[in-house]
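Enquirer: Protein chains in written order, with my numbering: chain A, 7 to 255; chain V, 7 to 255. For glycine and all other residues, C-beta sits at the position ideal for the given N, C-alpha and C. All values reported here derive from a predicted model rather than from experimental measurement. Right, I'll just put the structure down here and ask away after.
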C-alpha cells in the first residue's frame with residue numbers, strides 16, 4: 007500500500023492491509039515537539055503516541071525504509087492554525103526542523119471487529135469513516151489545547167458489548183469507546199454532517215458508538231494556532247509494518 | 007502515608023495503602039525533559055509516564071495537595087550521573103527548572119497478586135523488593151541511554167501464569183513480566199545480591215519472575231551522566247490518590 011500511495015494513489019485506508027497497524031501523522035516544528043509529546047501523554051486515548059522521529063528525519067521504526075513525506079495517500083498542510091493545502095506528496099512542504107509523531111488509529115482494531123462478525127459500515131460502504139469535533143476539551147499541554155475528535159461506527163445494540171470488549175484490548179490505538187449512543191451529549195448536532203470523512207447510515211436497532219480519534223491533534227493545531235504543521239488527511243493513514251498483535255493487551 | 011512521610015517516616019512502600027497507585031519519581035532540569043519524556047515513550051514498559059509537572063512546580067494531578075519535595079519517604083540526589091545524597095526531604099535540593107516525572111510502579115499490581123492468593127515475598131518478609139540491572143539496553147532518546155532495571159518476585163511454578171495474567175492487565179504500571187525463570191539470560195549473576203533493595207528467598211518449586219522497573223530512569227541518569235536529578239530512593243515510592251482500577255485494562 008505504501009508503494010501505491012508513493013506512486014500517487016489517493017484513497018482512505020480503512021479496510022486496507024488488514025492485520026497491520028495504521029497510524030495518524032502530525033509533524034510539527036521542533037520548538038513545538040515538547041508540547042505535542044506532553045499533549046499525547048496527557049491525552050492518551052485520543053493521542054496514543056506510537057513513535058517520534060528525530061528532527062528533520064522523515065522515517066520511523068514502525069516501518070523501516072518508509073518515507074513519511076511520500077508514503078501516505080494524502081496530506082494536509084497547516085499554517086498559523088489554518089488549513090492551507092491538501093497534497094498527495096509532502097516532500098516540498100517538509101522542513102528540517104519538523105518532528106514527526108505517529109499516533110495510533112482505530113482502523114487497527116476494525117480487523118478484530120470484522121473477525122467477530124461486526125459490520126464496519128464505512129468499510130462495507132467503501133467510504134471514509136465519519137469523524138466529529140466534540141464539546142469535550144483535552145487536557146492542555148504547554149501551548150497546545152483543543153477539543154476531542156471522535157470517530158463513529160454504528161453497532162447493533164446486541165453487539166455493542168462485543169465492540170467494547172474487542173477494542174478495549176487495543177489501548178494504544180484508542181481502545182474502548184468514549185461514548186455510546188447519544189451524539190448530543192458529545193455536542194454533535196447531526197450525525198449526517200461529520201466534520202471530517204463521510205456520513206454513514208445508522209440503521210434501526212443500531213447505536214452510534216464513538217471512539218477517540220487521532221484527528222484530535224489537528225483540532226489542536228487549529229485551536230492553538232500552531233505556526234506550521236504537516237498531518238495526514240483524515241482517514242488517509244500511514245500503514246506501518248507492525249502487526250496488530252503488538253498493541254493487543 | 008504521605009502525611010507520615012512528610013513528618014519524617016522512612017520505609018519502603020510495598021504493601022502500604024493497598025488499592026491506590028504508587029509511582030516512581032524523577033525530576034530533571036527542563037533542558038533534559040524532552041529526552042526523558044521521549045525515553046518514556048520509547049521504553050513504555052520500564053518507564054510508563056503517569057504524569058509530568060510544569061517546570062519548577064512540585065505537584066501532580068495524581069494527588070492534589072501533595073508536595074513532591076516532601077511526601078515521599080526517601081529521595082536520592084544525583085550530580086553528573088553520580089549519587090551524591092540520600093535525604094528524607096528534597097526541599098533544599100529542589101530547583102525552579104526541574105520537571106518532575108511520575109512513572110508507574112509494580113507495587114500497584116501486587117494488590118491483585120495478593121488478592122489471588124499469590125504470596126509477594128518482600129511484603130511477607132517486610133523488606134524492600136529486590137531490583138537488578140540487566141544486560142538489556144533501553145532504546146535511547148536524545149542524550150538518554152541506559153540499561154533496563156527489573157524487579158523480581160519468586161512465584162510458585164503453578165501460579166506463574168496467574169501472575170502474568172493479573173499483572174498484564176496493568177500495562178501502565180509495567181504490565182506483564184519481561185522474563186520468567188533465568189536470571190543469567192538477563193545478565194544477573196546472583197539473585198542474592200540485588201543492585202537495589204533487599205534479597206528475598208526463592209524457595210523450591212518457585213521461579214524468579216522479572217518485571218520492568220521504574221528505577222530504569224536512575225540507571226539512565228548514571229549511564230548518561232545527567233547533570234542534576236532528584237529521584238525517589240528505590241522501593242520508596244510516591245503514594246498517589248488514584249485507585250488501581252484507573253490503570254486496569
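State the start and end residues of the unbroken alpha helix (DSSP H) segment that holds residue 116(A).
Expert: As a first step, residue 116(A) is located in the first chain; it is residue number 110 there, counting from the start. Start and end: 113–121.
Enquirer: Against chain V, does residue 84(A) count as a neighbour if the rule is that its beta carbon must be under 7 angstroms from one of theirs?
Expert: The count along the first chain starts at 1 and reaches residue 84(A) at position 78. No, residue 84(A) lies away from the interface with chain V (no Cβ there is under 7 angstroms from its Cβ).
Enquirer: Nearest to residue 67(A) by CA position, among 247(V), 48(V) and 82(V), is which residue?
Expert: As a working mapping, residue 67(A) is identified with position 61 in the first chain. Minimum Cα distance to residue 67(A) is reached at 48(V).
Enquirer: Tell me whether the stretch 72–91 of chain A and the stretch 221–228 of chain A touch, counting them as touching only if at least three CB pairs, one residue from each stretch, are closer than 8 angstroms.
Expert: Touching, yes.
Enquirer: DSSP state of residue 57(V), grouped into three classes?
Expert: The sequence position of residue 57(V) within the second chain is 51, counting from 1. Under the three-state reduction of DSSP output, residue 57(V) falls in the strand class.
Enquirer: Tell me which residues of the stretch 104–129 of chain V have at least one Cβ-Cβ distance to chain A shorter than 7 angstroms, keeping chain order.
Expert: none
Enquirer: Per DSSP, which residues does residue 34(A) bridge with? Please list them.
Expert: Here residue 34(A) is taken as the residue at index 28 of the first chain, counted from 1. Answer by DSSP bridge pairing, in chain order: 105(A).
Enquirer: Strictly under 7 angstroms for the Cβ-Cβ distance: is residue 44(A) near chain V by that measure?
Expert: Working through the first chain from its first residue, we reach residue 44(A) at position 38. Closer than 7 angstroms: yes.
Enquirer: Applying a beta-carbon distance threshold of less than 8 angstroms, which residues of chain A neighbour residue 40(V)?
Expert: By one-based count along the second chain, residue 40(V) stands at place 34. Per Cβ cutoff of 8 angstroms: 39, 40 and 43.
Enquirer: Within the stretch 191–244 of chain V, note down every full beta strand (DSSP E) run reaching 3 residues or more, in order along the chain.
Expert: 212–218 and 234–238
Enquirer: Closest by CA to residue 36(A), which one among 102(A), 111(A) and 119(A)?
Expert: Along the first chain, one-based indexing puts residue 36(A) at 30. Of 102(A), 111(A) and 119(A), the residue nearest in Cα terms is 102(A).
Enquirer: Using a Cβ cut-off of 7 angstroms, pull out every chain V residue sitting near residue 47(A), in sequence order please.
Expert: Counted from its first residue, the first chain places residue 47(A) at position 41. Within 7 angstroms Cβ-Cβ: 43, 55 and 58.
Enquirer: Taking 6 angstroms as the limit between beta carbons, can you name the residues of its chain near residue 73(A), skipping five residues before and five after?
Expert: Stepping through the first chain from its first residue, residue 73(A) is reached at position 67. The residues are 64.
Enquirer: Is there a C-beta anywhere in chain A that falls below 7 angstroms from the one on residue 146(V)?
Expert: Residue mapping note: residue 146(V) aligns to position 140 of the second chain, counting from 1. No, residue 146(V) lies away from the interface with chain A (no Cβ there is under 7 angstroms from its Cβ).
Enquirer: Can you grab the Cα-Cα spacing for the pair residue 29(A) / residue 178(A), in whole Å?
Expert: Sequence index remark: in the first chain, residue 29(A) carries index 23 (1-based). Sequence index remark: in the first chain, residue 178(A) carries index 172 (1-based). Their Cα atoms are separated by approximately 10 angstroms.
Enquirer: Counting only C-beta atoms, is residue 61(V) closer than 7 angstroms to chain A at any point?
Expert: Within the second chain, residue 61(V) is the residue found at index 55, counting from 1. Not closer than 7 angstroms to any Cβ of chain A, the Cβ of residue 61(V) fails to qualify, so no.
Enquirer: Mapping DSSP to helix, strand and coil, what is residue 137(A)?
Expert: Here residue 137(A) refers to the residue found at position 131 when the first chain is read from its first residue. Of the three classes helix, strand and coil, the one that applies to residue 137(A) here is strand, per DSSP.
Enquirer: Does the stretch 114–132 of chain V come close enough to the stretch 160–175 of chain V to have 3 or more Cβ pairs within less than 8 angstroms?
Expert: yes
Enquirer: Hey, could you find the ends of the alpha helix (DSSP H) residue 168(A) is sitting in?
Expert: Numbered from 1 along the first chain, position 162 holds the residue referred to as residue 168(A). Per DSSP, residue 168(A) belongs to the alpha helix (DSSP H) from 166–174.
Enquirer: Can you name the residues that DSSP bridges to residue 91(A)?
Expert: For the purposes of this step, residue 91(A) is taken as residue 85 along the first chain, with counting starting at 1. According to DSSP, residue 91(A) bridges with 83(A).
Enquirer: Can you tell me the Cα-Cα spacing of residue 253(A) and residue 201(V), whole angstroms?
Expert: Counting from 1 along the first chain, the entry for residue 253(A) is found at position 247. Counting from 1 along the second chain, the entry for residue 201(V) is found at position 195. Between the C-alpha atoms of residue 253(A) and residue 201(V) there is a straight-line separation of about 31 angstroms.
Enquirer: Does residue 7(A) come out as helix, strand or coil in the three-state DSSP assignment?
Expert: Within the first chain, the letter at position 1 stands for residue 7(A). In this structure, residue 7(A) counts as coil in the three-state DSSP scheme.
Enquirer: Just verifying my parser: in three-state terms, what is the DSSP assignment at residue 43(A)?
Expert: The count along the first chain starts at 1 and reaches residue 43(A) at position 37. Residue 43(A) falls in the helix class under three-state DSSP.
Enquirer: Taking Cβ-Cβ distances shorter than 9 angstroms, what residues in chain D pair up with residue 248(A)?
Expert: Looking at the structure shown, chain D is missing, and the protein chains on hand are A and V.
Enquirer: If you drop the 5 nearest sequence neighbours on each side, which residues of the same chain put their C-beta closer than 7 angstroms to that of residue 105(A)?
Expert: For the purposes of this step, residue 105(A) is taken as the residue at position 99 of the first chain. These residues qualify, in order along the chain: 33, 34, 36, 39, 58, 59 and 61.
Enquirer: DSSP puts residue 65(V) in a beta bridge; with which residues?
Expert: By one-based count along the second chain, residue 65(V) stands at place 59. Answer is none; residue 65(V) lacks a bridge partner.
Enquirer: Give the interface partners of residue 177(A) over in chain V, defined as CB-CB distance under 8 angstroms, in chain order.
Expert: Residue numbering aside, residue 177(A) sits at position 171 when the first chain is read from its first letter. Within chain V, the residues near residue 177(A) are 177 and 255.
Enquirer: Residues in the same chain with beta-carbon distance under 7 angstroms from residue 248(V), minus the five sequence neighbours each way, listed in chain order, please.
Expert: On the second chain, position 242 is the one that residue 248(V) refers to. Excluding sequence neighbours, residue 248(V) sits near 26, 27 and 68.
Enquirer: Which residue wins for smallest C-alpha separation from residue 98(A), given the options 111(A), 112(A), 115(A) and 76(A)?
Expert: Locating residue 98(A) in the first chain gives position 92, where the first residue counts as 1. The shortest Cα separation from residue 98(A) among 111(A), 112(A), 115(A) and 76(A) belongs to 76(A).
Enquirer: Please return the same chain residues whose Cβ sits closer than 7 angstroms to the Cβ of residue 235(A), not counting the five positions on each side in sequence.
Expert: As a first step, residue 235(A) must be located in the first chain, where it is residue number 229. For residue 235(A), where only same-chain residues beyond five positions count, the Cβ hits under 7 angstroms are 32, 33, 34, 84 and 227.
Enquirer: Only counting the same chain, and skipping five residues up and downstream in sequence, which positions put a Cβ closer than 7 angstroms to that of residue 11(V)?
Expert: Residue 11(V) sits at position 5 when you count from the first residue of the second chain. Closer than 7 angstroms at Cβ, skipping near neighbours: 77, 78 and 79.
Enquirer: What residues of chain V sit near residue 174(A), judged by a beta carbon separation below 9 angstroms?
Expert: Your numbering for residue 174(A) matches position 168 in the first chain. 255, listed in chain order.
Enquirer: When the distance is taken between beta carbons, is residue 123(V) closer than 7 angstroms to residue 163(V)?
Expert: Reading the second chain from its first residue, position 157 is the one you call residue 163(V). Reading the second chain from its first residue, position 117 is the one you call residue 123(V). No, these two residues do not count as a Cβ contact at 7 angstroms.
Enquirer: Ignore the nearest five residues each way along the sequence and tell me which others in residue 17(A)'s own chain have a CB closer than 7 angstroms to its CB.
Expert: One-based indexing of the first chain puts residue 17(A) at position 11. Hits under 7 angstroms: 79.
Enquirer: Please confirm whether residue 20(V) and residue 128(V) have their CB atoms less than 7 angstroms apart.
Expert: Here residue 20(V) refers to the residue found at position 14 when the second chain is read from its first residue. Here residue 128(V) refers to the residue found at position 122 when the second chain is read from its first residue. In contact: residue 20(V) and residue 128(V) (Cβ atoms closer than 7 angstroms).
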